[in-house]
Amino acid sequence: MPIDSTSLISILSTPELVETAKCILGGIGVKKLYDDFASPTIKEAGALGARVFSALVVSADIWAENRKKRFQQLQDDVATNLKNKNQEDIVEKVPEYILVPALTSYMYSMDKKELRSMYAKLISRALLKENTDKIHPAFTTIIQNLTPNECLLLEYLSSEGMIPILNTTCSKKDVAGFSLRLINQYLYPSNITIHSAGPNISNKIFTNFVLGSPAYISNLNRLGVIDITYMDFFSNETQYDTILNRPELQQDKLSCERQNLRFDIQKGILRISPLGKEFASFCIADI
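Structural data, given as structure tokens:
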């Protein structure tokens with residue numbers, strides 16, 4: 459049921475909503491804010507509706523303020539990316555089908571620097587005339603489907619081109635056939651630092667290598683940005699030793715041998731795909 463003005467003002471007069479009303483209506487007050495913006499259903503709900511209205515408006519105001527800060531951060535990121543470009547290089551209008559999804563996704567990735575960096579580079583490149591009609595709209599979708607760790611793996615792959623990957627197997631001695639144990643085992647850096655090598659020249663340093671999740675491989679393969687093969691392998695087999703020496707793989711080997719089984723590995727290569735290279739050129743590479 460509708461609520462009287464005194465009770466309404468009492469419910470609405472929280473410090474947060476009073477401050478919001480000042481910003482939106484120039485200090486006219488919470489009652490005016492309610493009269494102008496509350497829906498008929500909210501007004502019919504009386505005191506409950508007033509509480510709901512107050513909570514939603516304050517939350518929306520905080521959300522709007524956060525979007526303002528995020529947009530300012532985006533401007534800073536893009537300005538940094540394009541610092542070596544001239545104003546003549548910038549397009550007058552970016553195609554909405556590229557800009558809007560990337561910009562919206564950027565706003566929700568502020569706490570994940572790896573994702574934010576990819577979105578910012580994609581948006582920055584979309585602003586350049588040289589990239590007109592070159593950026594695929596799927597690039598935003600790819601970033602949306604990445605975890606921060608997958609971003610690190612992709613950045614590493616874009617630099618190296620290919621890295622070793624392996625499966626472990628166990629089999630009975632003198633019996634054909636085997637069973638797969640650990641699948642798609644590989645290493646990737648959990649830390650990437652940029653080292654300046656001179657004016658406008660920088661090198662990436664990859665450190666703190668960890669055993670990667672096979673789920674990352676499944677996801678990146680699904681997105682089409684990597685290729686995996688066990689038909690090819692590195693001729694220098696020592697490249698697989700760093701993976702084999704990991705405690706997880708040593709434990710798997712020990713488990714096999716305790717069962718009087720033969721432990722072996724299938725050596726393979728993990729490559730960045732043609733689509734992955736194109737994606738990296740727009741969303742990972744320095745501008």
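According to my numbering, the sequence shown holds residues 459 to 745 in order. Yeah, the Cβ is synthetic: ideal placement off N, Cα and C, and Gly gets one too.
Checklist entry - Secondary structure at T627, three-state DSSP: helix, strand or coil? => result Looking at T627 - three-state DSSP - the assignment turns out to be strand.
Item to check | Beta-bridge partners of F664, as assigned by DSSP | outcome: F664 pairs with I650.
Item to check | Inter-residue Cα distance where the pair is D534 and M565 | outcome: C-alpha of D534 to C-alpha of M565: approximately 13 Å in a straight line.
Checklist entry - Thinking just about the alpha-carbon of each residue, which of N649, T598, V633 and Y644 is nearest to the one in G734? => result When each option's Cα is compared against that of G734, the closest is T598.
Item to check | V668, buried or exposed, once every other Cβ within 10 Å from all chains shown has been counted against 16 | outcome: The C-beta of V668 has fewer than 16 other C-beta atoms within 10 Å across all chains shown, which makes the residue exposed.
Next on the checklist: Helix, strand or coil, according to DSSP, for Q530 in the structure here?
Outcome noted: Residue state, collapsed to three classes: helix.
Checklist entry - Where does K501 sit, in a helix, a strand or coil, going by DSSP? => result In the three-state reduction of the DSSP assignment, K501 falls in the helix class.
Item to check | Counterpart residues of S512 in DSSP-defined beta bridges | outcome: Note: S512 sits in no beta bridge, so no partner.
Next on the checklist: The alpha helix (DSSP H) that contains K579, what's its start and end?
Outcome noted: First-last of the alpha helix (DSSP H) with K579: K571 to A584.
Item to check | M565 - DSSP class collapsed to helix/strand/coil | outcome: Three-state DSSP puts M565 in a helix.
Item to check | Span of the alpha helix (DSSP H), counted from its first residue to its last, around G670 | outcome: Element bounds for G670: n/a, residue is neither H nor E.
Item to check | For I621 and A537, the rounded distance between their alpha carbons | outcome: Each residue's Cα considered, the two are about 34 Å apart.
Checklist entry - Short check: CB of L640 to CB of T626, under 8 Å? => result In this structure, L640 places its C-beta atom within 8 Å of the C-beta atom of T626.
Item to check | Start and end residues, beta strand (DSSP E) containing T687 | outcome: Per DSSP, T687 belongs to the beta strand (DSSP E) from I684 to T687.
Next on the checklist: Let's see if you can read the secondary structure: which residues bound the beta strand (DSSP E) around F721?
Outcome noted: Per DSSP, the unbroken beta strand (DSSP E) holding F721 starts and ends at R720 to I730.
Item to check | Boundaries (first-last residue) of the alpha helix (DSSP H) holding R716 | outcome: That run of the alpha helix (DSSP H) goes P705 to R716.
Checklist entry - Do L728 and I701 come within 8 Å of each other at the CB atom, strictly closer than that value? => result Taking 8 Å as the Cβ cut-off, I701 and L728 do not qualify as a contacting pair.
Next on the checklist: For the stretch 589 to 597 against the stretch 736 to 743, do three or more pairs of beta-carbon atoms, one drawn from each stretch, fall closer than 8 Å, so that the two count as touching?
Outcome noted: Output reads yes: the stretch 736 to 743 touches the stretch 589 to 597.
Checklist entry - Can you tell which of E572, E608, K551 and Q602 has its C-alpha closest to the C-alpha of R583? => result Comparing alpha-carbon positions, the option among E572, E608, K551 and Q602 lying closest to R583 turns out to be K551.
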